[in-house]
Amino acid sequence: KEGLAKGAARALHVQDDQFYALDPLQMAAALAGAMREEKFDLILTGLQSDDHGYGQTGVLVAELLGLPHATIIMEIQVADGRLKVKRELEAGWFQWIELPLPAVLAIQSGINKPRYASLKGIMAAKKKEIRAVSRADVLPADLAATQETKKIYVPQKTKKTEFLEGQPKEMAAKLLEKLRHEARIL
Numbered sequence: 003k004e005g006l007a008k009g010a011a012r013a014l015h016v017q018d019d020q021f022y023a024l025d026p027l028q029m030a031a032a033l034a035g036a037m038r039e040e041k042f043d044l045i046l047t048g049l050q051s052d053d054h055g056y057g058q059t060g061v062l063v064a065e066l067l068g069l070p071h072a073t074i075i076m077e078i079q080v081a082d083g084r085l086k087v088k089r090e091l092e093a094g095w096f097q098w099i100e101l102p103l104p105a106v107l108a109i110q111s112g113i114n115k116p117r118y119a120s121l122k123g124i125m126a127a128k129k130k131e132i133r134a135v136s137r138a139d140v141l142p143a144d145l146a147a148t149q150e151t152k153k154i155y156v157p158q159k160t161k162k163t164e165f166l167e168g169q170p171k172e173m174a175a176k177l178l179e180k181l182r183h184e185a186r187i188l
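In structure tokens, the structure reads:
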């Protein structure tokens, strides 16, 4: 309802108690199946989830729907039925690309500051219907998982942090000694 209160025209809820257990392809297939009948101009996804962090679902939704897509989006401009989007690359570089609509964009965190829903929007959202579909209705039964989590663990510490104490000259001498004899990099 929050999205509706902030101005979304429609809402769709894929219902499943085990949705979290799907792999990225299964999740994307369920979402694409649910959206296939919708009339949309733009699908926005996050770049990656907070739990598994696969970073694949948005791209897979685009592929399954046969739509153009772009990832790591920092800015969006719309003009004449096309999108101009700014992608974040490595080392502080950015890239501007153009896409036709409809399209799928995987949004980078920090793209905007979410606004508060207005009272009018909240009241209107209460009257809007959320179309609910079950995963079984939109996901092919024979679509097997393509990824499997074998193990989740906390890595063993192999290094330790050591704090040097004393006057700056003493600490510099100790650091130099450690770099020469322990780390063997000088």
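Going from the sequence shown to this note's numbering is simple: count from 1 and add 2.
In this text, a Cβ means the ideal position worked out from N, Cα and C, and glycines have one as well.
Since this is a predicted model, take the numbers as computed values, not measurements.
Close Cβ partners of His-15 (< 8 Å) along its chain, the five nearest in sequence each way excluded:
Ile-132, Arg-133, Ala-134, Val-135
Please determine, among Gly-112, Glu-167, Lys-153, the residue with the shortest C-alpha to C-alpha distance to Ile-74.
Gly-112
Residues bridged to Gln-97 [DSSP beta-bridge criterion]:
Arg-89
Quick check: the Cα distance between Leu-177 and Gly-168, rounded to an integer number of angstroms?
11 Å
For Leu-145, collect the residues of the same chain with a Cβ closer than 8 Å to its Cβ; drop the 5 residues on either side in sequence, then sort them by chain order.
Leu-27, Gln-28, Ala-31
Taking DSSP as the reference, what is the three-state secondary structure of Ile-190?
Residue 190 lies beyond the stretch modelled for the chain, which goes from 3 to 188, so this question has no answer here.
Opening and closing residue of the beta strand (DSSP E) in which Val-106 lies
105-109
Classification of Leu-141 by the beta-carbon crowding that lies within 10 angstroms, buried from 16 upward:
buried
Below 8 Å on the Cβ atoms is my contact criterion, and I expect Glu-192 with Gln-110 to pass it. Report the Cβ-Cβ distance as a whole number of Å.
Because the chain is modelled from 3 through 188, residue 192 falls outside the range shown and cannot be assessed.
Cβ of Phe-42 within 8 Å of any chain C Cβ
Checking the listed chains, one finds no chain C in this structure; it contains a single protein chain.
Taking 7 Å as the cut-off, does the CB of Ser-136 come closer than this to any heavy atom belonging to the ligand SAM?
Ligands displayed in this structure: none; no statement on the ligand SAM is therefore possible.
Per-residue burial, Met-173 [other beta carbons within 10 Å of its own, 16 or more giving buried]
exposed
Bounding residues of the alpha helix (DSSP H) (the contiguous stretch that carries Gly-5)
4-7
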